[in-house]
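Below: the structure, in structure tokens.
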Amino acid sequence: MHAADIPRADLSVAQLAADLVPIVGADYVLTDDASLMTYECDGATLYRATPHVVVLPDTAQQVSEVVRYANRVGAPFVARGAGTGLSGGAMALAGGILIGLNRMDRILEIDIENERAVVEPGVVNLWITDRTTPDGYHYAPDPSSQKACTIGGNVAENSGGPHTLKYGVTVNHITGLEWVMPTGDIVNLGAAADDGVGYDIRGLVVGSEGTLGIATKIVVKLTPNPPAYKTMLAVFASLEDASTSVSEIIGAGMIPSSLEVMDRLIIDAVEAAFHFGFPDDAQAVLIVELDGVDAGMEEQASAIVDICKANNARDVQVAASEEERTLLWKSRKQAFGALGRLAKSYLTQDGVVPRTKLPEVLRTVADVSAKYDIRIANVFHAGDGNIHPILLFDESDEEQTERVLKASGEILTKCVELGGTITGEHGIGIEKLGFMDLLFTPADLRIMRDVRSLFDPNGLCNPGKVFPGGIVGAEGTAADG
């Protein structure tokens, strides 16, 4: 993809950059080709577009001034954090101004007594847990990219992670936001307390994928560290048996903190990278973690072992030490990085199905893999029914890339047919625009577009994302990049 021209034909890139320098300083306005190429895509590398200029503000006021300027000159803009997203959401599809938030990386306040922290959007997810662990706390949402992804991006995508089965996703852990509206106004949404007054605008903007404004401060909940853990690894001869076990564990009334499945391809990759000691004959493994008080945990673990063995698990191992537990989770959370050993490129899908439909959708994944002659690895948040089939290919091969996109589309369509949806945590971005009408009627989409237009009357805030055909601005012109 190529960036569209800046809407104001009389405004050169040089003038755009010159106008932004007084706001953030010359060192933080980037226009050279090498710098711009750094920002041409996020983790969804199939989708690329180059901004005309990158600006790196350091304060909410600077963000606001950049956004006000963009509205004055009619330049599209998009906010970006670490670029770990997987749907093209942080890509400057329409060119214009890319607002990088990495300099805003301060943890402003830790309030252990009230179990809150105030952070800027460029704070890396894991930094909050690292800072609060000595006090017996952590930040619960833990995306696999938590060593790199930033809280601002987590807010934009409503990110999840392996432990959200029990603890919830990002929106469940954000109580307040300082928010720069697409017009440049700075507003405060929510509060430090759990129960805000009035409409829950905080809940609306979390997960809005950067289309309703930009978070510049975030109030997050801190979660007490559980007094005890029990982490188990069940070994299966089939992916179907592993996923059936997941459904039965939940059906028995137990809510582990996580239920994660990895298949043979993933096991091979992470074993080569981390040498955890995964069995070399397993077709699938299920990671089960219980946390909480000791009382009753052993009985719950025993019941889970029985369920797994009833579904043909040949072995269920328990992490014998904190070091072993840490290595197991390292293997799971860095599985995506290990896939570089298997292929030059990969596309990670993000469909969701009811847990009882996991075996059926995984059969579809296998059928699609054979139909299009594309290897597909599976690692997913099984407890949420959130699958992550990873399609392995060579991005430089156009014919192979076309097969991958067709295969991906069939998997998402099947998720919807089974009563699920097209994304659990990666977002719509640019990648899934064509699937929105599988879920929503024209009236549904019109209401959502109307809400977006109220926030962004000029259609300049991350245009071309989420809705098929872009959005319509105040004057009725399509702003779809």
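If you read the sequence shown in this note's numbering, its first letter stands for residue 236, the second for the next number, and so on.
Each residue gets a CB set at the ideal place from its N, CA and C atoms; glycine is no exception.
| Query | Result |
| --- | --- |
| Top-ranked residue by Cα proximity to valine 553, from Asp498, Thr466, Gly694 | Thr466 |
| Rounded separation between glutamate 645 and aspartate 267 - CA only | 40 Å |
| Boundaries (first-last residue) of the alpha helix (DSSP H) holding lysine 606 | 593-607 |
| Secondary structure, alpha helix (DSSP H): runs of 4+ residues fully inside the segment 339-368 | 360-367 |
| Proximal residues to alanine 426 (C-beta, below 7 Å), its chain only, five neighbours per side dropped | Thr410, Gly411 |
| Cβ contact (3+ pairs, closer than 8 Å) linking the segment 373-385 and the segment 630-644 | no |
| Where the alpha helix (DSSP H) through isoleucine 728 begins and ends | Missing from the structure shown is residue 728; the chain here goes from 236 to 716 and no further. |
| Which residues DSSP lists as bridging cysteine 696, in chain order | Phe312 |
| Straight-line gap, cysteine 276 to alanine 545 (C-alpha atoms, nearest Å) | 46 Å |
| Cα-Cα separation, aspartate 550 to glutamine 569 | 24 Å |
| Neighbour-count burial assignment, asparagine 360, 16 or more Cβ in a 10 Å radius | buried |
| Top-ranked residue by Cα proximity to glycine 659, from Arg315, Thr405, Phe312 | Thr405 |
| Closest Cα partner of glycine 669 within the set Ile657, Ala678, Asp679, His661 | Ile657 |
| Alpha carbon of isoleucine 436 to alpha carbon of valine 422, nearest angstrom | 11 Å |
| With 16 other Cβ atoms within 10 Å as the buried cut-off, status of alanine 709 | Note that alanine 709 has pLDDT 31, beneath the 50 cutoff, so the model's placement of it is unreliable and the number below is only indicative. Alanine 709 comes out exposed. |
| N-terminal and C-terminal residue of the beta strand (DSSP E) that glutamine 584 is part of | It is not in any beta strand (DSSP E) - glutamine 584 carries neither H nor E in the DSSP assignment. |
| Residues near alanine 472 in its chain [Cβ-Cβ closer than 7 Å; skip 5 each side] | Gln518, Asn547, Arg549 |
| Segment limits, beta strand (DSSP E) that includes alanine 612 | 611-616 |
| Option nearest alanine 391 by Cα separation, candidates Trp414, Asp365, Lys401, Ser379 | Trp414 |
| Spatially closest choice to isoleucine 219 from Val256, Phe312, Gly324, by CA coordinates | The shown model of the chain, from 236 to 716, leaves out residue 219, and the question about it has no answer. |
| Beta-carbon contacts of alanine 578 that lie in its chain and below 8 Å, excluding the five residues immediately before and after | Arg610, Leu627, Phe628, Asp629 |
| Cβ neighbours of glutamate 350 in the same chain (closer than 8 Å, five flanking residues each side left out) | Tyr372, Lys456, Leu457, Thr458, Pro459 |
| Beta bridge counterpart(s) of proline 624 as assigned by DSSP | Asn613 |
| Bridge partner(s) assigned by DSSP for methionine 467 | Val523, Val553 |
| Residue from Arg499, Ala269, Glu557 with nearest C-alpha to histidine 287 | Ala269 |
| Nearest-angstrom Cβ-Cβ length linking leucine 653 and valine 596, presumed shorter than 8 Å | 6 Å |
| Through-space distance from glutamate 666 to leucine 251, alpha-carbon basis | 29 Å |
| Alpha-carbon spacing of valine 523 relative to lysine 649, whole angstroms | 27 Å |
| Nonlocal neighbours in the same chain, by C-beta distance under 6 Å from valine 505, ignoring five residues either side | Ser566, Ala570, Ala573 |
| In DSSP terms, what isoleucine 449 is bridged to | Val415 |
| DSSP beta-bridge partners of asparagine 179 | Since the first residue shown for the chain is 236 and the last is 716, residue 179 is missing from the structure and cannot be characterised. |
| Which listed residue (Gly316, Glu348, Asp340, Val540) has its alpha carbon closest to that of glycine 445 | Gly316 |
| CA-to-CA distance, glutamine 535 to glycine 527, given in whole angstroms | 11 Å |
| Reduced DSSP category for histidine 237 - H, G, I as helix; E, B as strand; rest coil | In this prediction, histidine 237 scores a pLDDT of 36, lower than 50, which makes its location untrustworthy; no coordinate-derived value is stated. |
| Range of the contiguous alpha helix (DSSP H) that encloses glycine 330 | Here glycine 330 belongs to no alpha helix (DSSP H), and DSSP marks it neither H nor E. |
| Own chain residues within Cβ distance below 6 Å of leucine 255, not counting five before or after | Val264, Val290 |
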